[in-house]
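Below: the structure, in structure tokens.
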Amino acid sequence: QVIDTQAVRQLTDIMSDNNARAYVFGENNSLTLPDRPVAAKTGTTNDWHDGWTLGFTPSLVTGVWAGNNNNKAMARGADGVLVAAPIWHNFMARALSGKPVEGFTAPDPYPTDIKPILVGQGMGEITLAINKVNNKIATSSTPPGLIEYRRYRQPHSILYYLNKDDIKGPTPPDTTDPQFASWEAGVQAWAAKQQGQFDMVPTEYDDGSTANLILPQIKLNNLIQNQTITNRTLPVSVELIDGSDIKRVVYFIDNVQVEEIQTLPFNTTLYLFDLSRGFHNLKARAYTSNGITAETNVDFNLTAAMEPPTFSWIFPTNNSSFFTSQFPISLKIKAYQIEKIKKIELILEEMGKSKVLASVSDPTEQTLMFTWSKAPAPGNYLLQSNITTIDDLVVPGPNLQIEVQ
């Protein structure tokens, strides 16, 4: 036997995971086939001499090389994914057309007692309880609300974490082994040259003193306790006191998060289309960069009548502008009263004609995504919407003005 079965299955599982490479190549890349799982890997040699793609299904393996047969370098940036992967993709699609779909055998789950270093975890890290205000090592004097656990990256060789003669067993590392000393010395010599690449581990212990600590505060400017709200859109304005270090504000209604704002002045408009009439609680919580929070809350009485189901735009916002080269673009909305929605249609007005750009039927999630695949000609466009209720009543949804350049 050349190699352990599970090692092969683990490698295949990685190579067939499109999500793992989508952030580099995009979701619809040439290393996927629309109707079946495939495993693939690209490669590019130095100075762009060779571009490779090798990939397989359980029954077909294909390798593609691209380059110049006189070994002259290709154009700069000629990665394997650009010059070889499209050829591989087109060949595989045609060769497998009409063939049965085959799946890969999944690897066994990792044992729960396996050493973290063997699954790529815990390498070069130590974890300490820290007072998040003064960045000192937490002690019994540290207020519990100020304790957080932080990981600090520290450079060590793999032999620092396991015994090379018993890598899965309980045997501790053999620090007297000549290989340990040589490997560790090499890593430490390399680490000394990496200025600022590793964390300074705190050495001071916390004495619990917070006398000089100025805690941030937040208050709601436009709402008072038990205020009556007569419509289902609620503008919210907050004021930050000693809050120069605040990074985001999160809003909750009845302890359910409904909005997160990460830009000053952290104000927003909340949509109350899902709420029943009566009293509810609104809470605003501010977070600083070191994890300290400040919050305030108020009760309000919602008296507005229920409205037909609708949605709000998450992305893009009104009057957004896109270049034709940016298409396809993703459209994102948040729907309300989804249990009453039969269909949502997004309608594009183009050259005096209306066409359905995208639609969804019987939504089961509040946040919905659509794709605007083909860029229209440059110009200004009105993106309209219709919502069909479960009673077959068609009501207009919010419109969006879009510029395409």
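Here this note's numbering = 1-based position in the sequence shown + 4. For each residue, glycine too, the CB sits at the ideal point set by N, CA and C.
Whether residue i touches residue j by CB criterion (8 Å)
i	j	result
V242	A298	no
F202	P159	yes
V408	F326	yes
T46	G84	yes
I351	S316	no
E349	S363	yes
Y275	Y340	yes
L132	P206	yes
Y291	I265	no
R391	A308	It is Ile, not Arg, that sits at residue 391 in the sequence shown. No, these two residues do not count as a Cβ contact at 8 Å.
Pick from the options that is closest to residue i, judged by C-alpha positions
i	options	result
T16	G30, D112, D117, G102	D112
T314	T143, N23, T371	T371
A89	A70, V205, P104	A70
P147	R155, E106, N135, N139	N135
Q183	Q198, L166, P174	L166
G107	K346, Y340, S20	S20
P402	E369, S329, T321, K346	T321
N50	A77, Y27, G30, K103	A77
V123	T292, Q14, P239	Q14
A195	Q261, E311, G128, N301	G128
V366	P380, T61, K346, V137	In the sequence as displayed, the identity of residue 366 is Asp instead of Val. The candidate whose alpha carbon is nearest that of D366 is K346.
K336	M373, T300, T368, T328	M373
Residue i - partner residues in DSSP beta bridges
i	result
M373	K336
S358	E353
K223	E243
T131	R155
D54	G71
Y209	I141
V408	F326, G383
R40	L37
Nearest-angstrom Cα separation, counted from residue j out to residue i
i	j	result
S358	S63	47 Å
G282	D303	10 Å
D170	K119	11 Å
A215	T267	Because the pLDDT of A215 is 49, which lies under 50, any placement of that residue in the model is unreliable, and the number read from its coordinates should be weighed accordingly. Looking at the two C-alpha atoms, the distance is approximately 30 Å.
N230	L306	10 Å
T48	D117	38 Å
Q405	A44	41 Å
T9	S377	42 Å
D54	T36	21 Å
A79	P332	27 Å
T57	H93	9 Å
V6	Y164	28 Å
R155	L387	47 Å
D211	M204	20 Å
I18	S186	32 Å
A193	R157	16 Å
P104	N285	56 Å
T179	V191	15 Å
Neighbour flag for residue i against chain D, beta carbons, 8 Å
i	result
Q10	In summary, chain D is missing from the structure at hand, where a single protein chain is found.
(request) Return the chain-ordered ranges of every alpha helix (DSSP H) run that is complete within the segment 62-119 and spans a minimum of 4 residues. (result) 84-87, 89-99
(request) Could you tell me which uninterrupted beta strand (DSSP E) segments, each at least 3 residues in length, are contained entirely in the segment 242-327, listed from first to last along the chain? (result) 242-245, 250-257, 260-265, 272-275, 282-292, 297-306, 314-319, 324-326
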